[in-house]
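Single-structure report; data block below.
In this note's numbering, the protein residues as written are 12 to 261.
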């Protein structure tokens, strides 16, 4: 449907300008009630008869906007269908993860299955469960790790971030976004992680560790990915919380 919309607008404004060619642009924003959020950018280049950029007129913008509105019902329907399909797929994936973790014969088996399941579902390079019961905090188990020696976490890095914020810690381009002190993030340095999501793990009101999901390339982390990652953190807690928190026999 989006491809058809782009084709319709293309017919209205003409050929896409070549790279480096002078051109003008106009941006059209679709609100949620019309299937958004979505930005459509239309370009106009120099005319064939004269070496001048063709700027958008009110008539151009009106014609493009009417075209967008004519596509909006179908776009909105497609958006709802896509969201429903994604939600259904996520529910199925979470149920499978719960069953897989529960099938582990021992606690360490369940921890390994949990990390590998999260890594698979989130297409992550590195997944770890940290243990906050030790001082300093340590990595209980990790999958996808490349560090030659065990990494000791520091209180003012990822662990401190999650403790202070009481919210997931999101790093999209380490150490630039957000600006960070490299020395405070030994795990990111040792594992060469460029992006990460870190979630606090709590059981019966007690924090016992964190789930760290890492990537070796910068990430944008759209809301759907963040929600799935948070759901998997809840799965880890519901499946392993009593054991990892020390409130059940190991």
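From the three backbone atoms N, C-alpha and C, an ideal C-beta is built for every residue, glycine too.
Residue burial is scored here from C-beta neighbours: residue 119 has fewer than 16 other C-beta atoms within 10 angstroms and is therefore classed as exposed. For the pair residue 169 and residue 98, the Cα-to-Cα distance works out to about 29 Å.
The beta carbons of residue 109 and residue 246 sit closer together than 9 Å. The beta-bridge partner set that DSSP reports for residue 135 is empty. Residue environment analysis places residue 228 among the exposed positions, since fewer than 16 neighbouring C-beta atoms fall within 10 angstroms of its C-beta. Within a 10 Å sphere around the beta-carbon of residue 66 sit fewer than 16 other beta-carbons, which makes this residue exposed. Residue environment analysis places residue 239 among the buried positions, since at least 16 neighbouring C-beta atoms fall within 10 angstroms of its C-beta.
In the DSSP assignment, residue 249 falls within the alpha helix (DSSP H) that extends over 234–255. Here the alpha carbons of residue 196 and residue 162 stand approximately 10 Å from one another.
Taking 8 Å as the upper bound for CB-CB distance, residue 207 and residue 220 are not in contact here, some 15 Å apart. In this structure, residue 112 lies near residue 125, with their beta-carbon atoms less than 9 Å apart. Nearest to residue 102 by alpha-carbon distance, out of 251, 242, 230 and 232, is 242. Residues of the same chain with a CB within less than 6 Å of the CB of residue 128, apart from the 5 flanking positions on each side, are 108 and 111 in chain order. Nearest Cα to residue 244 within the set 199, 209, 183 and 256: 209.
Inclusion of residue 223 and residue 165 in the CB contact set at 9 Å is not warranted, their separation being larger than that value. Between the C-alpha atoms of residue 188 and residue 232 there is a straight-line separation of about 13 Å. In the structure shown, residue 113 falls within a helical segment according to DSSP collapsed to helix, strand and coil. Assigned with DSSP and collapsed to three states, residue 213 falls in strand.
Counting along the chain, no beta strand (DSSP E) covers residue 194, and no H or E run does either. With 16 or more other Cβ atoms inside 10 Å of its own Cβ, residue 179 counts as buried. For residue 218, the CB contacts under 8 Å within the same chain, skipping 5 residues up- and downstream, are 143, 174, 211 and 212 in chain order. Going by DSSP, residue 169 is part of no beta strand (DSSP E) but of the alpha helix (DSSP H) stretching over 169–176.
Under DSSP, the beta-bridge partners assigned to residue 218 are 213. With respect to residue 136, residue 155 sits close: the two C-beta atoms are nearer than 9 Å. DSSP links residue 225 through a beta bridge to 137 and 207.
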